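Using our numbering, read the sequence shown as starting at 4 and increasing by one per residue. We put the CB at the ideal spot given by N, CA and C, even for glycine. Just so we're clear, the structure is a prediction, and the values are computed from it rather than from any experiment.
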Amino acid sequence: LKINNTVQSVHLGGNKISEDLMETVNLLLRRNEAAAKKAKTEAAAKAKKAQEKKPPKKKAETEAAAKETEAEDASKATGTMEPQPSPPDLPVQTVNRHAAGITPEVPCYKPIRDFVEEFQPTKGCKAYILEDCATSLEKWKPHSAAFFPQLVAEAEKITSSLLQFREAPGGNPMFAFAIVCYTLDVKQFGAKGSENFFELINKMLQERDPVLLDGSMGYLHYLFGGLRSLPKAPQREYFRGIPKAALGIFKEHYTLGRVVHWSGLTSVSGSIAVARKFAGLGGILVRVTAFTARAIRDWSAFAYEDELLLFPNFEAMVCKELHFVDTANQWELHLVEKKTHESKFVF
4 LKINNTVQSV HLGGNKISED LMETVNLLLR RNEAAAKKAK TEAAAKAKKA
54 QEKKPPKKKA ETEAAAKETE AEDASKATGT MEPQPSPPDL PVQTVNRHAA
104 GITPEVPCYK PIRDFVEEFQ PTKGCKAYIL EDCATSLEKW KPHSAAFFPQ
154 LVAEAEKITS SLLQFREAPG GNPMFAFAIV CYTLDVKQFG AKGSENFFEL
204 INKMLQERDP VLLDGSMGYL HYLFGGLRSL PKAPQREYFR GIPKAALGIF
254 KEHYTLGRVV HWSGLTSVSG SIAVARKFAG LGGILVRVTA FTARAIRDWS
304 AFAYEDELLL FPNFEAMVCK ELHFVDTANQ WELHLVEKKT HESKFVF
């Protein structure tokens, strides 16, 4: 009725509205305001009641949200890469390459020769795996080469497919093939985890046995040649997921300020979610700030793992020792790669 405007403008026979009519109009205004206030109060009460009826968030959902927030914060802190999407559930046949090379021994430096510069290949990577590697590794661990034929056959298919979309590292398809072989998991063919090619190569590298190294030199030439041909990944924080079975080793050897060496090839991930899944409940998330990592995602059989490799004798300092993170139900350890070839600055 636009009562306010009407009160201000209506005249009766040239005279203003009478006092009785004005009182009636004011009464109507007060009633209108009271009705509006009551309606607003009732609407707020109804909304609150509806909110209270919603079921509370489950514990798993709350923990998942906390982990997602933590992952985003970690990615923002590094300032070099956008947050990675959460990966799908890891397939059954996928094994944890992050745990490869973890042994009870002290993580110290072990000399190793240059397989790229000191070796001239006389045959292809496939032949070196099926002949030289198979012979030397079978003598060391019987039945270890039983799945090598399936390994190379599957690697050939994957490499041929990938080469349709990108150039091989260093322009050498053998380099690409060697990297793909390292990432494959032969458990899908019925092998044991200990029979995986990457597991055998890593243990052999840690042994530093001259006979074993000689037998694997051809393959290692192509593998390390391929890795060296890849550009260095940006300096940032990467992640390694270690199952809780290794907790005692890390408590003993990874103390604050200590410099450690990883003598074999080391797998890390650019995705904190992937590393957490590999670590599992009660496991260890190792945060590694590195500047020499090589990203092999483009040549991996499992690209979603966002995998990178660190060369043998990777050297790092413990800058924050093991501590338990309640929100993740996991332990964490912080390492920073050491610049080994820089001289000290003396003031």
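For residue i, does the count of other Cβ atoms within 10 angstroms reach 16, so buried, or fall short, so exposed?
i	result
residue 284	exposed
residue 226	buried
residue 136	buried
residue 294	exposed
residue 206	buried
residue 34	exposed
residue 352	Given a span of 4 to 350 for the chain in the structure shown, any question on residue 352 remains unanswerable.
residue 229	buried
residue 140	buried
residue 45	exposed
residue 337	buried
residue 248	exposed
residue 312	buried
residue 138	exposed
residue 221	buried
residue 67	With a pLDDT of only 49 at residue 67, under the threshold of 50, the placement of this residue in the model should not be trusted, and no figure is reported.
Can you tell me where the alpha helix (DSSP H) holding residue i begins and where it ends?
i	result
residue 143	137-143
residue 244	It is not in any alpha helix (DSSP H) - residue 244 instead sits in the beta strand (DSSP E) that spans 239-245.
residue 219	213-232
residue 163	151-165
residue 277	275-282
residue 312	Segment 310-313 is the beta strand (DSSP E) holding residue 312; no alpha helix (DSSP H) there.
What's the gap between the Cα of residue i and the Cα of residue j?
i	j	result
residue 123	residue 204	20 Å
residue 83	residue 237	A caution first: residue 83 carries a pLDDT of 39, below 50, which makes its placement in the model too unreliable to give a value.
residue 233	residue 185	15 Å
residue 244	residue 117	29 Å
residue 129	residue 328	45 Å
residue 180	residue 193	22 Å
residue 119	residue 224	5 Å
residue 131	residue 177	11 Å
residue 298	residue 143	31 Å
residue 121	residue 317	20 Å
residue 133	residue 301	25 Å
residue 310	residue 296	10 Å
residue 240	residue 219	32 Å
residue 158	residue 341	34 Å
residue 308	residue 209	24 Å
residue 251	residue 149	33 Å
residue 273	residue 235	13 Å
Nearest to residue i by alpha carbon, out of the options?
i	options	result
residue 335	342, 325, 146, 343	325
residue 343	323, 287, 319	319
residue 315	129, 44, 173, 267	267
residue 147	196, 310, 306	196
residue 174	330, 231, 190	231
residue 389	274, 42, 339	A question about residue 389 goes unanswered here, because the residues of the chain that appear run from 4 up to 350.
residue 278	303, 160, 246, 265	246
residue 322	312, 307, 304, 290	290
residue 161	332, 149, 304	304
Got a sec, what are the start and stop residues for the beta strand (DSSP E) residue i sits in?
i	result
residue 328	317-328
residue 293	287-293
residue 264	262-265
residue 198	Neither: residue 198 is in no beta strand (DSSP E) and is coded neither H nor E.
residue 120	Where residue 120 is concerned, there is no enclosing beta strand (DSSP E), given that its DSSP letter is neither H nor E.
residue 146	From DSSP, residue 146 is part of no beta strand (DSSP E); its letter is neither H nor E.
residue 338	333-340
Exercise. Any contact of the stretch 165-181 with the stretch 140-154, i.e. 3+ C-beta pairs under 8 Å?
Worked result: By the Cβ rule, the stretch 165-181 does not count as touching the stretch 140-154, because fewer than three pairs are nearer than 8 Å.
For this session: Could you tell me whether the stretch 280-299 touches the stretch 202-218, using the rule of 3 or more Cβ pairs below 8 Å?
Result: Flag = no, the stretch 280-299 and the stretch 202-218 do not touch.
Exercise. Does the pairing of the stretch 242-257 with the stretch 188-206 give three or more beta-carbon distances under 8 Å?
Worked result: They do not touch, by the three-pair rule.
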